[in-house]
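Chemist:
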Amino acid sequence: MKSRHELREAVFKILFQIENTELDYKELLELEQEEIANSSYVNNTLTEIIDKLEEIDNIISNNLKDWKLERLSKMDRQILRISAYEILHSDIPYKVSINEAVELSKKYSEKDESYKFINGVLKGIVETSTK
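Counting with this note's numbering, you get residues 150 to 280 for the letters of the sequence shown.
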(Lines of atoms letter the chains of each structure in order from A and count residues from 1; the text may use other names and numbers.)
(Lines give C-alpha, C1' and ligand atoms only; values in the text may rest on other atoms or scores of the structure.)
Protein backbone atom coordinates (compact mmCIF):
# COMPACT_ATOMS: atom_id res chain seq x y z
CA MET A 1 0.00 0.00 0.00
CA LYS A 2 1.35 3.38 -1.02
CA SER A 3 1.86 6.05 1.63
CA ARG A 4 0.19 9.44 1.38
CA HIS A 5 3.63 10.85 0.59
CA GLU A 6 4.02 8.49 -2.39
CA LEU A 7 0.51 9.31 -3.61
CA ARG A 8 1.18 13.04 -3.30
CA GLU A 9 4.37 12.54 -5.30
CA ALA A 10 2.31 10.76 -7.99
CA VAL A 11 -0.08 13.75 -8.10
CA PHE A 12 2.93 16.04 -8.50
CA LYS A 13 4.29 13.98 -11.40
CA ILE A 14 0.93 13.85 -13.15
CA LEU A 15 0.38 17.62 -12.79
CA PHE A 16 3.87 18.16 -14.18
CA GLN A 17 3.11 15.91 -17.15
CA ILE A 18 -0.19 17.70 -17.84
CA GLU A 19 1.76 20.91 -18.29
CA ASN A 20 4.28 19.23 -20.59
CA THR A 21 2.12 16.98 -22.79
CA GLU A 22 -1.14 17.03 -24.67
CA LEU A 23 -2.57 14.33 -22.41
CA ASP A 24 -5.17 15.02 -19.74
CA TYR A 25 -4.93 13.60 -16.25
CA LYS A 26 -7.30 10.70 -16.97
CA GLU A 27 -5.08 9.54 -19.83
CA LEU A 28 -2.02 9.93 -17.63
CA LEU A 29 -3.66 7.97 -14.81
CA GLU A 30 -4.19 5.06 -17.19
CA LEU A 31 -0.40 4.86 -17.54
CA GLU A 32 0.14 4.64 -13.78
CA GLN A 33 0.32 1.64 -11.49
CA GLU A 34 -3.11 0.34 -10.56
CA GLU A 35 -2.70 1.39 -6.92
CA ILE A 36 -2.09 5.01 -7.97
CA ALA A 37 -4.69 5.04 -10.73
CA ASN A 38 -7.37 3.72 -8.34
CA SER A 39 -6.41 5.87 -5.36
CA SER A 40 -9.25 8.10 -4.20
CA TYR A 41 -6.69 10.60 -2.86
CA VAL A 42 -4.96 10.85 -6.25
CA ASN A 43 -8.20 11.05 -8.23
CA ASN A 44 -9.89 13.54 -5.91
CA THR A 45 -6.83 15.73 -5.57
CA LEU A 46 -6.20 15.89 -9.32
CA THR A 47 -9.87 16.56 -10.09
CA GLU A 48 -10.13 19.29 -7.45
CA ILE A 49 -6.88 21.01 -8.41
CA ILE A 50 -7.84 21.07 -12.07
CA ASP A 51 -11.38 22.28 -11.28
CA LYS A 52 -10.09 24.99 -8.94
CA LEU A 53 -6.90 25.83 -10.85
CA GLU A 54 -7.73 29.48 -11.47
CA GLU A 55 -8.60 30.07 -7.80
CA ILE A 56 -5.50 28.20 -6.59
CA ASP A 57 -3.22 30.06 -9.01
CA ASN A 58 -4.71 33.42 -7.95
CA ILE A 59 -4.09 32.64 -4.28
CA ILE A 60 -0.52 31.56 -5.02
CA SER A 61 0.04 34.67 -7.16
CA ASN A 62 -1.26 36.91 -4.37
CA ASN A 63 1.38 35.45 -2.06
CA LEU A 64 4.33 35.78 -4.44
CA LYS A 65 6.45 38.79 -3.64
CA ASP A 66 8.00 40.35 -6.75
CA TRP A 67 7.39 37.14 -8.75
CA LYS A 68 4.88 35.96 -11.29
CA LEU A 69 3.50 32.43 -11.25
CA GLU A 70 4.61 31.93 -14.86
CA ARG A 71 8.23 32.67 -13.90
CA LEU A 72 8.38 29.84 -11.37
CA SER A 73 9.80 26.53 -12.49
CA LYS A 74 7.16 24.03 -13.60
CA MET A 75 8.11 21.82 -10.69
CA ASP A 76 7.75 24.54 -8.07
CA ARG A 77 4.43 25.59 -9.57
CA GLN A 78 2.99 22.07 -9.21
CA ILE A 79 4.28 21.71 -5.65
CA LEU A 80 2.65 25.01 -4.70
CA ARG A 81 -0.62 24.01 -6.37
CA ILE A 82 -0.86 20.74 -4.46
CA SER A 83 -0.08 22.28 -1.11
CA ALA A 84 -2.27 25.36 -1.66
CA TYR A 85 -5.16 23.06 -2.57
CA GLU A 86 -4.58 20.96 0.55
CA ILE A 87 -4.35 24.03 2.79
CA LEU A 88 -7.50 25.61 1.40
CA HIS A 89 -9.73 22.67 0.51
CA SER A 90 -8.79 19.55 2.46
CA ASP A 91 -8.73 18.32 6.03
CA ILE A 92 -4.98 17.74 5.90
CA PRO A 93 -3.27 19.87 8.58
CA TYR A 94 -1.47 22.77 6.94
CA LYS A 95 1.79 21.94 8.70
CA VAL A 96 1.76 18.47 7.11
CA SER A 97 1.01 19.95 3.71
CA ILE A 98 3.81 22.52 3.98
CA ASN A 99 6.28 19.89 5.19
CA GLU A 100 5.37 17.61 2.28
CA ALA A 101 5.80 20.51 -0.17
CA VAL A 102 9.24 21.27 1.26
CA GLU A 103 10.25 17.61 0.92
CA LEU A 104 9.04 17.48 -2.70
CA SER A 105 10.93 20.68 -3.42
CA LYS A 106 14.15 19.32 -1.94
CA LYS A 107 13.81 16.25 -4.16
CA TYR A 108 12.59 17.79 -7.45
CA SER A 109 13.23 21.54 -7.61
CA GLU A 110 15.87 22.86 -9.96
CA LYS A 111 17.35 25.25 -7.40
CA ASP A 112 18.74 24.19 -4.03
CA GLU A 113 17.01 27.01 -2.17
CA SER A 114 13.54 26.57 -3.72
CA TYR A 115 12.23 24.84 -0.63
CA LYS A 116 12.74 28.04 1.40
CA PHE A 117 10.80 30.04 -1.18
CA ILE A 118 7.99 27.46 -1.28
CA ASN A 119 7.84 27.38 2.51
CA GLY A 120 7.50 31.18 2.63
CA VAL A 121 4.76 31.31 -0.02
CA LEU A 122 2.76 28.58 1.70
CA LYS A 123 3.07 30.24 5.11
CA GLY A 124 1.71 33.39 3.48
CA ILE A 125 -1.25 31.40 2.12
CA VAL A 126 -1.94 30.01 5.60
CA GLU A 127 -1.79 33.50 7.11
CA THR A 128 -4.12 35.02 4.53
CA SER A 129 -6.59 32.13 4.27
CA THR A 130 -9.71 32.08 6.37
CA LYS A 131 -9.15 28.48 7.42
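By construction, the Cβ of each residue, glycine as well, lies at the ideal position given by its N, Cα and C atoms.
Quantities reported herein were computed from a predicted structural model and do not represent experimental measurements.
Quick one: grab the DSSP three-state call for serine 246.
Modeler: Of the three classes helix, strand and coil, the one that applies to serine 246 here is helix, per DSSP.
Chemist: Is there a Cβ of chain B sitting closer than 8 Å to that of leucine 218, yes or no?
Modeler: Note that chain B does not occur in the displayed structure, where there is just one protein chain.
Chemist: Give, in chain order, every unbroken run of the alpha helix (DSSP H) that is at least 4 residues long and sits entirely within the stretch 197-265.
Modeler: Entirely contained in the stretch 197-265, the alpha helix (DSSP H) runs reaching 4 residues are, in chain order, 202-211, 223-238, 243-257.
Chemist: For the alpha helix (DSSP H) containing methionine 168, name the first residue and the last one.
Modeler: Here residue 168 is glutamate; the residue named in the question, methionine, does not match the sequence. Looking at the DSSP string, the run of the alpha helix (DSSP H) that includes glutamate 168 is 153-169.
Chemist: In whole angstroms, what is the alpha-carbon distance linking glutamate 235 and tyrosine 190?
Modeler: C-alpha separation (whole angstroms): 11 Å.
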